[in-house]
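Q: Residue numbers (my numbering): 6 to 357. Glycine included, every Cβ here is placed at the ideal spot set by N, Cα and C. If you scroll down you'll find the structure; I have some questions about it.
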Ligand SMILES: C[S@@+](CC[C@H](N)C(=O)[O-])C[C@H]1O[C@@H](n2cnc3c(N)ncnc32)[C@H](O)[C@@H]1O
């Protein structure tokens, strides 16, 4: 395949030229990926999809509203069309495609894109990044991973981002795993309680316990009050690094928690969960994971690099997390099929 002579022949031969073209396009997409991401980021930072929710607009209108010279705005908008986020409408106007509208509507997506400048700075010298020579900024964006004191304003920023992006994770987790038969669920590392509120809405008889750091957990209470669920909520303001997980729940969930932490912390946390559960108790794990034997784009490219930039944790495959659960004492581990692996994968674990 590396021979120029063979490439020229294959590009012209009728049975192979379609394949050659598709492979060329795929290679070009990889090469241009950074430009694609930056177009997406510019559209989001300039709030162009939000502006177009009110209806199509011209280059001039968008340029004026964004303080971008019109000839440069046109380049950005055309790039948006090429990436299928925008489309041409009548009278020289630009509007949103379905994907462009979803960008505004999918909870947490805009906020995730908005904080990616931090990740991209960390990745700007990829060789130094993979050599471990970059003092990454992303870890400071998510300060809880190092433990210690946290400014309440900082805690609120990341709790909001987590809560916004939790909606899809909760949907997919509850689609993959049934909580029928559970009486009391404790969400460890539950953040602002978005997952517990989704559980509370889907299952009217489950008591809900939120376990998180003292800087984070208490702030969730008013969100439960707003949802009319405060009477079902117990808050445990603790650290799983230094304290035990209390008894009393017949199910524990760990939603997007393990990938923030080292193998030692995860092994310790899993064995604390095992100790806290009664026999027959369940552990539900949900987070983006690596492909098992087959690396895949979301887990092995995005989440693997993201967690590497965070410095303390790592993305793991479902099989390796399952193995860690068995090491902690759990004997039944099942892997429901993920409907959107780029959102989350689940593991359903039982203590027999
Ligand atoms: C990535 S966030 C996930 C939050 C929530 N489960 C979700 O999916 O939206 C990780 C959560 O773990 C919590 N956490 C981190 N270290 C912790 C510790 N030592 N003890 C308790 N909670 C911790 C953080 O405060 C944060 O709310």
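Nearest-angstrom Cα distance between residue 321 and residue 263?
A: 9 Å
Q: Heavy atom of ligand 1 less than 7 Å from the Cβ of residue 276, yes or no?
A: no
Q: Determine whether the beta carbon atoms of residue 232 and residue 202 lie at a separation below 8 Å.
A: yes
Q: Please go through the stretch 174 to 259 and give each complete beta strand (DSSP E) segment of 3 or more residues, from N-terminal end onward.
A: 189 to 193, 212 to 217 and 238 to 242, all fully within the stretch 174 to 259.
Q: Taking only beta-carbon positions, decide if residue 336 is within less than 8 Å of chain B.
A: Here chain B cannot be found, since the structure has a single protein chain.
Q: For residue 151, name the three-state secondary structure that DSSP assigns.
A: The pLDDT assigned to residue 151 is 48, lower than 50, so where the model puts this residue is not dependable; a value taken from the coordinates is nonetheless given after this. Note: residue 151 maps to helix in three-state DSSP.
Q: Can you tell me whether DSSP reads residue 104 as helix, strand or coil?
A: Look at residue 104 here: in three-state DSSP terms it is helix.
Q: Taking the CB atoms as reference points, tell me whether residue 189 and residue 212 lie closer together than 8 Å.
A: yes
Q: What is the residue span of the alpha helix (DSSP H) that residue 125 lies within?
A: 121 to 127
Q: Can we count residue 26 as close to ligand 1, meaning its CB is less than 7 Å from some heavy atom?
A: no
Q: If you draw a straight line from the alpha carbon of residue 276 to that of residue 334, how long is it in whole angstroms?
A: 7 Å
Q: Does the beta-carbon distance from residue 181 to residue 324 come in below 8 Å?
A: no
Q: Pull up the distance between the alpha-carbon of residue 103 and that of residue 94, whole angstroms please.
A: 14 Å
Q: Should residue 126 and residue 138 be called a contact, given that it needs their Cβ atoms to be closer than 8 Å?
A: Between residue 126 and residue 138, the C-beta gap is not smaller than 8 Å, which leaves the two residues out of contact.
Q: Taking the continuous beta strand (DSSP E) assigned at residue 338, which residues delimit it?
A: 337 to 339
Q: Tell me which residue opens and which closes the alpha helix (DSSP H) that residue 345 is part of.
A: It is not in any alpha helix (DSSP H) - residue 345 carries neither H nor E in the DSSP assignment.
Q: Helix, strand or coil for residue 353 per DSSP?
A: strand
Q: Give the DSSP bridge partners of residue 291, in chain order.
A: 260 and 351
Q: Apply the 10 Å Cβ neighbour rule to residue 235 and answer buried if 16 or more other Cβ atoms are within range, or exposed otherwise.
A: exposed
Q: Going by DSSP in three states, residue 62 sits in which element: helix, strand or coil?
A: strand
Q: Tell me which residue opens and which closes the alpha helix (DSSP H) that residue 311 is part of.
A: 309 to 315
Q: Starting from residue 89, trace the beta strand (DSSP E) both ways and give me its first and last residue.
A: Run containing residue 89: none; DSSP gives neither H nor E here.
Q: Expressed to the nearest angstrom, what Euclidean distance is found between the alpha-carbon atoms of residue 115 and residue 253?
A: 38 Å
Q: Are residue 240 and residue 256 close, meaning C-beta to C-beta below 8 Å?
A: no
Q: When you measure from the CB of residue 262 to every non-hydrogen atom of ligand 1, does any distance come out below 7 Å?
A: yes
Q: Among residues of its own chain, excluding the 5 on either side of residue 331, which ones have a beta-carbon nearer than 8 Å to its beta-carbon?
A: 338
Q: Using DSSP with H/G/I as helix, E/B as strand and the rest coil, what is residue 363?
A: Past the edges of the chain, shown from 6 to 357, lies residue 363, and the structure says nothing about it.
Q: Heavy atom of ligand 1 less than 7 Å from the Cβ of residue 353, yes or no?
A: no
Q: Going by alpha carbons, who is nearest to residue 244 out of 228, 266, 219 and 259?
A: 219
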